[in-house]
Amino acid sequence: MNKTEEKRSASFAIIQAAFVFMFLFSLLLGSVIFYDFSNVNLGALAFIIATICSLLLAKNIYEIANNEEKQKEIGKKISDDYINHPPKKLFTEVYDNSPIAYLILDKNGKIVSTNKSAVRLLGRSPVILKDTAFFSCVDTSKTEHLVLIKEKFRNGVVVVDEEIEISRDEGPAWATMSILPFTDSLGNRASLVTLLDITKQKEVDTAKSEFVSLASHQLRTPIAGMRWSAELLLMDEVGTLTKQQRRYVNRLLTNIQRMANLIDDFLQVSRFDLGTRELETEVVDIQKMIDEVVGEQTVLFSSKNLKLEKHFDNSIKEFVTDAKLLRMIITNLYNNAIKYSKNDGEVEISYLREGNDLIFSVRDSGIGIPKSDQPRIFSKVFRASNAMKEVPDGTGLGLYIVKKAVQVLRGRVTFKSTENVGTTFTVVIPVTL
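Numbering of the sequence shown is given in this note's numbering, commencing with residue 795 and proceeding in unit increments.
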C-alpha cells in the first residue's frame, strides 16, 4: 500500500473516531448531568471512557482498512503473475503434455524443441530430432505443394491446416500442419509448428476408396453385358420389336450409359484419393481434342439451342501432357457448361499460351453458383443449392475430378461466377511436364 492510500485510511479512521467520541461523550455527559450535575469526577470519568473507546475504535477501523488494501494488492499481484505473465513452469507443462504435437523451429527450419506428442508422431527420439531439418521428415512425393509451404516459411508467412505425410520407420503418418512465426526474447526469428494427427482418418478414407475402386471394377463387367444385350436387340430385323419396345430399349441403353459414366467417375475418384493415378505423357493436339469433346455432346447442345464460341491461340496446337487427364478436364467443364446453361444461351471455349503455361477456359451463361456455395464447389459429392433444383440428376463428382486432375498435371483451377448470370472456369497447366 502506498503513502497516499495510508494517509487516506488514517484520515478516514480519525474522522470516524471523532464522531464516535462525540457521540459517547455526549451520552455519558448526559447521564452524569441527569444523575449528579455537581459531580466533577463523574464528568472526568465519562470523558476518559469516551476517549478510550474512540481510540480503540479508530485503531480497529484503521487495521480493517489497512487489511482490505493489502488484500487488494495481493490479488492484483496474483492476477498480474498468473494471467498477464504465466509462470514458465506452467507453460512448460502445458507445452510438454499437450495432445497436439508442438515443435519450435529456428529461422533455418531446424528443430529446436519438441513436446511428447511430436516425438510420438514423428517416430524419433528427442535427441535425434534436435537440430534436424523439420521438412526432411515430410514425404515430398505425397505433398506436391511442399515447395510453396517452404517458401512461406522462409518469408515468415503463416501456414494454416496444410495436409502433409510424415516419413517414419514404423510406417507413414498424416497430419494437418500449421506454422506460426514469432520472435523470441533475444530477438531471433523462430516458428511454432502444430501437427494434428489425422492418420486414423486417412486410413478410413483409404479403405473406403479401395472398396469403391474394387466395386467399380467389378461392376464394369455386368454393365458391359447389359449394354451388349440391349444393342443386340436393336440390331434385330425390323419388325421384331415394336416402336414402343424400341423406345424402351433405347431408354435402357441411355440409363446403362449413365450408370457406366457414374462407375467411371467413382473409379477416377478412388484413383485420385489413393494416389495411384500417375502421369502418362504424350503429344496432344488440344484443338482436335476439344472438337471431339464438342462433337460428343452435339445432341444435348442442340436440344437447348445454345450458341458455341471458340477462341483458340494458333501459336500452340500440340504439347506434351497426359491426354486422358486433359480430356477428363475438358469433358467435365464443357458438360457442366451445357447442363447448367439456360435455353438459347451461350457457351464459350478458349485457350491461349502464356509463357510456359496453357490457359484453358470455359464460360457459360447459366444459373451461376450462389456465393454461399462457392467455397465448397470443388468438394467431393457437393452440388450447389440451385444446381440441385435445376438439374436433380447429378453426382457432385465432376468438379472434384477436375480439381484432382489439374493437381496431377501440376496446374491450378479457378472460377468466377455470378448467380443467374453465368460461370467461367479457368485451368492453367504447364505445356511441358
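Idealized CB from N, CA, C, for every residue including glycine.
Here the structure is a predicted model, which is why all the values come from computation and not from measurement.
- Annotation for Glu1076: the continuous beta strand (DSSP E) segment containing it runs Thr1075 to Asp1079.
- Glu956 sits in a strand when the DSSP states are folded into three classes.
- In the three-state reduction of the DSSP assignment, Phe1176 falls in the coil class.
- Arg1204 and Thr1036 have their C-alpha atoms spaced approximately 53 Å apart.
- Annotation: Thr1220 is outside any alpha helix (DSSP H); the continuous beta strand (DSSP E) that includes it extends over Gly1216 to Pro1224.
- With a cutoff of 7 Å on beta-carbon distance, Ile1163 and Thr1217 are scored as near each other.
- A check of alpha carbon separations from Leu1191 across Met1053, Phe1113, Leu1008 and Asn1126 identifies Asn1126 as the nearest.
- In chain order, Leu940 place their CB closer than 6 Å to the CB of Thr934, counting only its own chain and leaving out the 5 sequence neighbours on each side.
- In this chain, the beta strand (DSSP E) harbouring Val906 covers Ile905 to Thr908.
- Per DSSP, reduced to three states, the secondary structure at Pro975 is strand.
- Residue ranges of uninterrupted alpha helix (DSSP H) with 4 or more members, entirely inside the segment 971–1059 and ordered along the chain, are 993–1029.
- The three-state reading of DSSP puts Val1185 in coil, since its state is none of H, G, I, E or B.
- In summary, Gly981 is exposed, with fewer than 16 beta-carbon neighbours lying within 10 Å of its beta-carbon over all protein chains present.
- Segment contact: the segment 1012–1029 against the segment 985–996, fewer than three CB-CB distances shorter than 8 Å; contact not assigned.
- When the beta-carbon positions are compared, Val1087 and Tyr1128 come within less than 7 Å of each other.
- Considering only Val987, Met1122, Lys1198 and Val1185, the residue with the shortest C-alpha distance to Ile943 is Val987.
- In the displayed model, Ile1132 falls within a helix according to three-state DSSP.
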